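J.: The sequence shown begins at 0 in numbering that gives the first Met the number 0 and counts up by one. All residues carry an ideal CB built from backbone N, CA and C; glycine is no exception. Just so you know, these numbers come straight off a predicted model, no measurement behind them. Input: one structure, supplied below.
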Amino acid sequence: MISHEEFAKLRLVQFRPDDEIAQLEDWEFMDHIWVGEAIRFSEWLRLESDSDSLRSLAIDFDEFPANTAEQVLSAIELPLRRGLNLEQIQSVVGEPVHEEHFVADRASYDFVLDGPSRYFVSCIILNVGGLIYLVVMTPLPDPDEDE
């Protein structure tokens, strides 16, 4: 994957027209307050306390254009795509560190990608249909330090 410095510079507007994008402010997620850009459930977030640096991006493959998703994943050098099953995802990101089953037809898996730049990757995978939602996040500061 790309370095955190390169990831930090990415903006959704680099991949989609500005008129499709909603601006987010005072957005609460993962015990932090964020600003960012969104197209429905695809959110690109920057900590309010460090608003120049992208720290999290989410892609909802059901609503995000497929060609744009491919461009984004290529840009961050993460070879995943819509529809991959758990085994295919594991071949790229390793074993999950956490797994949850909220509803019968899907599961959520969390992965840690170690390397020169550490990333946390979360995937929602349908039992039939594969990967439908992806979150890629850099390590976050302690929430008490983010105020």
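1) How would you label Glu-146, buried or exposed, when you count the other beta carbons within 10 angstroms and need 16 or more for buried?
2) If we ignore side chains and look at the alpha-carbon of each, how far apart do Val-96 and Ile-20 end up?
3) Just list the residues that DSSP pairs Ala-21 with in beta bridges.
4) So, using beta-carbon positions, are Arg-105 and Ile-124 closer together than 8 Å?
5) Could you spell out where the alpha helix (DSSP H) holding Val-134 opens and where it closes?
6) I'd like the span of the alpha helix (DSSP H) that includes Ser-73, first residue to last.
7) Three or more C-beta pairs under 8 Å: does that hold for the stretch 106 to 121 against the stretch 134 to 144?
8) With which residues is Arg-45 paired in a DSSP beta bridge?
9) Can you pull the DSSP bridge partners for Ser-116?
10) Going by the beta-carbon positions, is the gap between Glu-36 and Arg-10 smaller than 8 Å?
11) For the beta strand (DSSP E) holding His-97, just list the boundary residues, first then last.
12) I need the straight-line Cα distance from Pro-205 to Asp-18, nearest angstrom please.
13) Report the CB separation of Leu-23 from Val-34 in whole angstroms; it is logged as a contact under 8 Å.
T.: With the given structure in hand:
1) For Glu-146, the predicted structure reports a pLDDT of 49, less than 50, and the residue's modelled location is therefore unreliable. The matter cannot be settled from this model.
2) 32 Å
3) Ala-37
4) yes
5) Looking at the DSSP string, Val-134 is not in any alpha helix (DSSP H); the run it does join, the beta strand (DSSP E), is 129 to 136.
6) 65 to 74
7) yes
8) As a beta-bridge residue in DSSP terms, Arg-45 pairs with Val-34 and Leu-53.
9) For Ser-116, which the question treats as bridged, DSSP gives no partner whatsoever.
10) yes
11) Per DSSP, the continuous beta strand (DSSP E) segment holding His-97 begins and ends at 97 to 99.
12) Outside the displayed range of the chain (0 to 146) lies residue 205, so it cannot be described from this structure.
13) 6 Å
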